[in-house]
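One line per chain: the protein sequences are A and B, in this order.
Per my numbering, the first sequence starts with residue 90, numbered consecutively.
Per my numbering, the second sequence starts with residue 90, numbered consecutively.
Using N, Cα and C, we set each Cβ at its ideal position, and we do this for glycine too.
Quick notes on the structure that follows.
There are 2 protein chains.
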Amino acid sequence: MSILSSLLAHNKQFVEERQYEEYLTDKFPDKKVVVLTCMDTRLVELLPKALGFKNGDAKFIKNAGGILTQPFGSAMRSILVAVYKLGAREVLVVGHHGCGMTNLDARGIVDKFAEHGINPLAVEVLENAGIRMEKFLRGFGSEQEGVMHSVRMIRRHPLFPPAIPVHGLIIDPETGALDVIAEDFREE
Amino acid sequence: MSILSSLLAHNKQFVEERQYEEYLTDKFPDKKVVVLTCMDTRLVELLPKALGFKNGDAKFIKNAGGILTQPFGSAMRSILVAVYKLGAREVLVVGHHGCGMTNLDARGIVDKFAEHGINPLAVEVLENAGIRMEKFLRGFGSEQEGVMHSVRMIRRHPLFPPAIPVHGLIIDPETGALDVIAEDFREE
């Protein structure tokens with residue numbers, strides 16, 4: 090049973106009751122901030138509230154771990170678009186305690202492929218084509234390491250403006266408490 | 090003047106007043122859904138509300154345009170981690186009307202590099218190393234095309250379970266109204 094129909098029923102009511110009125114804003118981030126963070130379910134509402142951001146205040150880029158793995162991938166492109174097209178003037182990288190990308194078990198994921206209908210040949214073909222599961226499904230050693238990796242990759246990126254500060258933070262996914270681990274990070 | 094200090098002052102109060110209590114949940118998505126969508130500021134609070142999702146119901150993966158550009162990039166890895174590690178059993182790709190990634194003007198962005206302190210040599214080096222700005226900073230022809238591109242890439246991905254439905258939707262960034270453009274998309 091798909092969730093889609095119940096979700097669309099809710100949506101119809103949401104629009105009819107004009108519940109959207111309290112969220113009206115425009116596409117430019119009012120606080121001129123772009124946030125790179127984790128897709129974790131606990132952060133969906135908690136993180137904007139813990140930052141004091143309402144709808145329209147910031148761009149949020151999210152993936153597993155809030156990590157940049159490729160300097161010319163979609164996450165880094167998003168940061169550059171936020172800066173050059175949408176006026177973002179500050180970057181926050183926000184990791185969280187208890188992140189599932191800490192010591193992600195690639196082998197454990199690969200072992201589940203068969204029961205989900207993936208042909209073992211597919212993995213063999215990928216591995217032989219140079220796409221290593223251990224590399225593709227890797228996380229980081231600690232949340233701090235993950236955040237600092239992303240902070241450094243942004244700061245050192247050849248197309249990222251040197252005048253824009255990049256901060257690294259860790260959030261408690263229960264209380265929303267933020268710790269700054271890198272403030273206005275600059276290369277020495 | 091950095092936004093960081095005002096943000097941290099808000100955060101201290103948020104924690105002290107135990108405002109987090111209404112958001113307490115765990116890392117598993119209660120509605121077993123993973124959503125790939127756009128980083129647009131208008132969707133930060135509006136999209137979860139328009140879907141009827143509270144904190145803890147879904148994983149949200151976000152980037153500019155809600156687009157998968159690489160089958161082995163961070164966004165696709167995030168979808169696979171949500172499915173294999175966190176029990177997601179349905180995928181929603183949600184584009185929106187008026188998305189800035191529609192006919193993204195790569196040249197216009199490149200023209201702004203110099204005023205932001207980027208050495209023109211950097212762009213030349215990248216281009217000569219095979220990293221084409223026109224390709225890296227490309228969007229899509231329409232929101233529908235962007236959503237369907239991502240839906241197809243997920244559905245066809247060699248490591249994505251064939252039994253999991255992938256839906257494509259477009260949201261109105263003002264009213265939150267959702268249109269389904271691909272329901273439970275399967276290859277013919």
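**Request:** Return the chain-ordered ranges of every alpha helix (DSSP H) run that is complete within the segment 148-219 of chain A and spans a minimum of 4 residues.
**Result:** 163-173, 195-199, 209-217
**Asked** In terms of alpha-carbon separation, which member of B:Gly187, B:Gly189, B:Cys188, B:Val172 lies closest to Leu47 (chain B)?
**Response** Given that chain B is displayed from residue 90 to residue 277, the structure contains no residue 47 (chain B) and the question cannot be resolved.
**Asked** Under the three-state reduction of DSSP, which class applies to Ala252 (chain B): helix, strand or coil?
**Response** Along the second sequence, read from residue 1 onward, the residue named residue 252 (chain B) stands at position 163. Correct three-state label for Ala252 (chain B): coil.
**Request:** Could you tell me the distance, in whole angstroms, from the CA atom of Pro247 (chain B) to the CA atom of Thr158 (chain B)?
**Result:** Indexing the second sequence from 1 puts residue 247 (chain B) at position 158. Indexing the second sequence from 1 puts residue 158 (chain B) at position 69. For Pro247 (chain B) and Thr158 (chain B), the distance between alpha carbons rounds to 15 Å.
**Message:** Buried or exposed, going by whether 16 or more other CB atoms sit within 10 Å of the CB of Phe174 (chain B)?
**Reply:** Residue numbering aside, residue 174 (chain B) sits at position 85 when the second sequence is read from its first letter. The residue asked about is misnamed: residue 174 (chain B) is Lys in this sequence, not Phe. Burial call: buried.
**Asked** Taking Cβ-Cβ distances shorter than 9 Å, what residues in chain A pair up with Ile207 (chain B)?
**Response** Within the second sequence, numbered from 1, the residue matching residue 207 (chain B) stands at position 118. Residues of chain A passing the Cβ test: Pro247, Leu248, Phe249, Pro250, Pro251.
**Request:** Could you say which of B:Lys121, B:Asp146, B:Ala271, B:Tyr109 lies nearest to Asp261 (chain A) if we only look at CA atoms?
**Result:** For this step, residue 261 (chain A) is matched to residue 172 along the first sequence. Residue B:Tyr109 is the option with its Cα nearest to Asp261 (chain A).
**Asked** Rounded to a whole number of angstroms, what is the C-alpha to C-alpha distance between Pro137 (chain A) and Glu106 (chain A)?
**Response** Taking the first residue of the first sequence as position 1, residue 137 (chain A) is located at position 48. Taking the first residue of the first sequence as position 1, residue 106 (chain A) is located at position 17. If you take the alpha carbons of Pro137 (chain A) and Glu106 (chain A), they lie about 24 Å apart.
**Prompt:** Which word fits Asp209 (chain A), buried or exposed, when buried means at least 16 other C-beta atoms lie within 10 angstroms of its C-beta?
**Reply:** The residue labelled residue 209 (chain A) in the question sits at position 120 within the first sequence. It is worth fixing the name first, because residue 209 (chain A) is Pro in this sequence and not Asp. Exposed: under 16 other Cβ atoms inside 10 Å.
**Item:** N- and C-terminal bounds of the beta strand (DSSP E) containing Leu97 (chain A)
**Value:** As a working note, residue 97 (chain A) is residue 8 in the first sequence. Where Leu97 (chain A) is concerned, there is no enclosing beta strand (DSSP E), although the alpha helix (DSSP H) it sits in stretches over 93-105.
**Message:** Contact defined as beta carbons within less than 8 Å: I believe Asn152 (chain A) pairs with Ser167 (chain B). What is the distance between those atoms, to the nearest angstrom?
**Reply:** On the first sequence, residue 152 (chain A) is found 63 positions in, with the first residue counted as 1. On the second sequence, residue 167 (chain B) is found 78 positions in, with the first residue counted as 1. 4 Å between Cβ atoms; contact.
**Prompt:** Which value, in whole angstroms, describes the spacing of the CA atoms of Met165 (chain A) and Gly176 (chain A)?
**Reply:** Taking the first residue of the first sequence as position 1, residue 165 (chain A) is located at position 76. Taking the first residue of the first sequence as position 1, residue 176 (chain A) is located at position 87. Roughly 16 Å between the two C-alpha positions.
**Under 8 Å from the C-beta of Arg131 (chain A): neighbouring residues of chain B** = Residue 131 (chain A) sits at position 42 when you count from the first residue of the first sequence. Correct list: Tyr112, Thr114, Asp115, Lys116, Asn144, Gly145.
**Item:** Spatial distance of Leu58 (chain B) from Val183 (chain B) (CA atoms)
**Value:** Only positions 90 to 277 of chain B appear in this structure, which leaves residue 58 (chain B) out of reach.
**Request:** Give, in chain order, every residue of the segment 192-220 of chain B whose Cβ lies closer than 7 Å to some Cβ of chain A.
**Result:** Ile198, Lys201, Phe202, His205, Gly206, Ile207, Ala211, Leu215, Ile220
**Asked** Using a Cβ-Cβ distance under 9 Å, would Val122 (chain A) count as near chain B?
**Response** Here residue 122 (chain A) refers to the residue found at position 33 of the first sequence. Judged by the 9 Å Cβ criterion, Val122 (chain A) is in contact with chain B.
**Message:** If the cut-off is 7 Å on Cβ atoms, which residues from the segment 220-239 of chain B count as contacting chain A, listed in chain order?
**Reply:** Ile220, Phe225, Leu226
**Request:** Grab me the residues of Arg241 (chain B)'s own chain with a C-beta within less than 7 Å of its C-beta, minus the 5 sequence neighbours each way, in chain order.
**Result:** Position 152 of the second sequence, counted from the start, is the residue given in the question as residue 241 (chain B). For Arg241 (chain B), where only same-chain residues beyond five positions count, there are no Cβ hits under 7 Å.
**Bridge partners - Phe229 (chain B), DSSP secondary structure assignment** = Mapped onto the second sequence, residue 229 (chain B) falls at position 140. B:Thr191.
**Asked** Grouping DSSP H, G and I as helix and E and B as strand, with all else coil, what is Val240 (chain A)?
**Response** Mapped onto the first sequence, residue 240 (chain A) falls at position 151. Val240 (chain A): helix per DSSP, three-state reduction.
**Item:** Short Cβ contact (9 Å threshold) for Ile92 (chain B) with Leu125 (chain B)
**Value:** Reading the second sequence from its first residue, position 3 is the one you call residue 92 (chain B). Reading the second sequence from its first residue, position 36 is the one you call residue 125 (chain B). No, the Cβ-Cβ distance between Ile92 (chain B) and Leu125 (chain B) is not below 9 Å.
**Prompt:** Taking the continuous beta strand (DSSP E) assigned at Ala271 (chain A), which residues delimit it?
**Reply:** Counted from its first residue, the first sequence places residue 271 (chain A) at position 182. Its beta strand (DSSP E) spans residues 267-271.
**Message:** Measuring only the C-alpha atoms, how far is Phe225 (chain A) from Ala195 (chain B)?
**Reply:** The count along the first sequence starts at 1 and reaches residue 225 (chain A) at position 136. The count along the second sequence starts at 1 and reaches residue 195 (chain B) at position 106. Those two C-alpha atoms are separated by around 28 Å.
**Request:** Pull up the distance between the alpha-carbon of Leu267 (chain A) and that of Cys127 (chain A), whole angstroms please.
**Result:** Locating residue 267 (chain A) in the first sequence gives position 178, counting from the first residue. Locating residue 127 (chain A) in the first sequence gives position 38, counting from the first residue. So the two alpha carbons sit approximately 14 Å from each other.
**Message:** I'd like to know if His256 (chain B) contacts chain A, where contact means its C-beta is closer than 9 Å to some C-beta of that chain.
**Reply:** Taking the second sequence and counting its residues from 1, one reaches residue 256 (chain B) at position 167. With 9 Å as the cut-off, His256 (chain B) counts as an interface residue toward chain A.
**Request:** Give a yes or no on whether 9 Å exceeds the smallest Cβ distance from Phe274 (chain A) to chain B.
**Result:** The residue given as residue 274 (chain A) occupies position 185 in the first sequence. Not one chain B Cβ lies under 9 Å of Phe274 (chain A).
**Asked** Sorted by chain position, which residues of the same chain lie with C-beta nearer than 8 Å to Phe103 (chain B)'s C-beta, five sequence neighbours on each side aside?
**Response** Taking the first residue of the second sequence as position 1, residue 103 (chain B) is located at position 14. The answer, listed in chain order, is Tyr109.
**Message:** Less than 9 Å between the beta carbons of Thr130 (chain A) and Asp119 (chain B), yes or no?
**Reply:** Here residue 130 (chain A) refers to the residue found at position 41 of the first sequence. Here residue 119 (chain B) refers to the residue found at position 30 of the second sequence. Closer than 9 Å, so yes.
**Request:** Round the Cβ separation of Gly154 (chain A) and Met190 (chain A) to the nearest angstrom and send it over; I've been treating them as touching at under 8 Å.
**Result:** In the first sequence, residue 154 (chain A) corresponds to position 65, counting from 1. In the first sequence, residue 190 (chain A) corresponds to position 101, counting from 1. The pair is a contact, with the Cβ atoms about 3 Å apart (cut-off 8 Å).
**Message:** Taking the straight line between their C-alpha atoms, what separation do you get for Gly197 (chain B) and Asp115 (chain B)?
**Reply:** Indexing the second sequence from 1 puts residue 197 (chain B) at position 108. Indexing the second sequence from 1 puts residue 115 (chain B) at position 26. Approximately 43 Å between the Cα atoms of the pair.
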